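Undergrad: Here it is, the structure in full.
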Amino acid sequence: METPFWKTKALEAMSPAEWESLCDGCGKCCLSKLEDEDTGEIYWTSVGCRLFDAQSCRCSDYANRLARVPDCVGLTPQNVRTISWLPSTCAYRLVAEGHDLYWWHRLVSGSAETVHEAGISMRGRVKASETDLAEPEDYFDYMLDYEP
């Protein structure tokens, strides 16, 4: 049996298709996060990006997201190693840190639904869209006690 590509290739050596397939579809990186300016601590919210489709846990305009959402961060092999807010379950982060993927990841399970079945995704857990909030302070009502 052939060893899976994420165990043998560096992130930089992956093809575009391999890179994209690492996304587990959890939707966590599409949540608004707040950063304490003094400490740098990240606080998660249940507010989704304006392009986030909460049912599919995918971007509704992935190809144009960086142009349409100024603070959207396009993940690259270089920046996944430095982004402190990537979820602890994120496949990009796991592979960058030399860990294996979880059993529920679609590349392991063979199904894009297992991330949802395992309760890892944001499906059914997004309480607002950023377009619903008028003021920065409004996000405080949606702060979570922990990383989802």
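First residue of the sequence shown? That's 1 in the UniProt record's numbering, and the numbers climb one at a time after it. By construction, the Cβ of each residue, glycine as well, lies at the ideal position given by its N, Cα and C atoms. Here the structure is a predicted model, which means the values were calculated and not measured.
Quick one: give me the first and last residue of the alpha helix (DSSP H) that K7 is part of.
TA: K7 -> alpha helix (DSSP H) spans F5 to T8.
Undergrad: Relative to the alpha-carbon of E20, which residue among W6, D100, E135 and W104 has its alpha-carbon at the smallest distance?
TA: The shortest Cα separation from E20 among W6, D100, E135 and W104 belongs to W6.
Undergrad: Pick out whichever of L86, D141, E130 and D132 has its Cα sitting closest to the Cα of L75.
TA: Ranking the options by Cα distance to L75, first place goes to L86.
Undergrad: For chain B, is any of its Cβ atoms less than 8 Å away from the one on V95?
TA: Of the chains in the structure shown, none is chain B; there is only one protein chain.
Undergrad: What residue range does the beta strand (DSSP E) around L31 cover?
TA: Segment L31 to E35, the beta strand (DSSP E) holding L31.
Undergrad: Short check: CB of S129 to CB of G25, under 8 Å?
TA: No, the Cβ-Cβ distance between S129 and G25 is not below 8 Å.
Undergrad: Under 8 Å, with one C-beta from each stretch per pair, do the stretch 124-144 and the stretch 42-49 reach the 3-pair mark?
TA: With a cut-off of 8 Å, the stretch 42-49 and the stretch 124-144 count as touching, because enough Cβ pairs lie within range.
Undergrad: Ends of the beta strand (DSSP E) at T45?
TA: T45 -> beta strand (DSSP E) spans I42 to G48.
Undergrad: How many Å lie between R93 and V80 at the Cα?
TA: Each residue's Cα considered, the two are about 6 Å apart.
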